[in-house]
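For reference, the structure is listed below as C-alpha cells.
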Amino acid sequence: MSEPRPVYDAPRSMTSTQTQIAHYMQMRAYTIRYLKMLEDELVAVGGLRPSDRACLTREERRALARQSPAEGQENGQQHR
Numbered sequence: 026m027s028e029p030r031p032v033y034d035a036p037r038s039m040t041s042t043q044t045q046i047a048h049y050m051q052m053r054a055y056t057i058r059y060l061k062m063l064e065d066e067l068v069a070v071g072g073l074r075p076s077d078r079a080c081l082t083r084e085e086r087r088a089l090a091r092q093s094p095a096e097g098q099e100n101g102q103q104h105r
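Per the numbering used here, the sequence shown starts with residue 26, numbered consecutively.
The following block contains the structure:
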C-alpha cells in the first residue's frame with residue numbers, strides 16, 4: 026500500500042494556530058483511515074459485523090439502515 030498523501034496542506038501564509046489545526050486534521054484523517062482498515066480486517070475474519078463498524082460514512086450508515094431497519098433498532102440506534 027502506498028503512503029497516503031497529505032489531506033490538509035498548510036499554505037505558508039497560515040498562522041501557527043492554523044498550521045497546528047491543519048496538522049491535527051491530517052492526523053485525524055490518517056487515524057480514521059487506519060481504524061477503517063482494521064475494521065475491514067475484523068469483518069473479513071468474522072470478528073465484527075459490518076453493521077457494528079464505528080468508522081462508517083454517512084452514506085454507508087444510510088445504506089445499512091435501508092437494508093435492515095429492524096436490526097438497527099434492536100441495537101438501540103436511532104435514525105437522525
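The beta carbon of each residue, even a glycine, is placed where N, CA and C say it ideally should be.
Rounded to whole angstroms, the Cβ separation of residue 80 and residue 66 is 12 Å, and the two are not in contact under 8 Å. For residue 87, the enclosing alpha helix (DSSP H) starts and ends at 83–92. With a 10 Å radius around the Cβ and a threshold of 16 neighbouring Cβ atoms, residue 60 comes out exposed. Here residue 68 has 75 as same chain residues with Cβ atoms under 6 Å from its own Cβ, once five neighbours each way along the sequence are excluded. Per DSSP, residue 70 lies in no alpha helix (DSSP H) segment and is marked neither H nor E.
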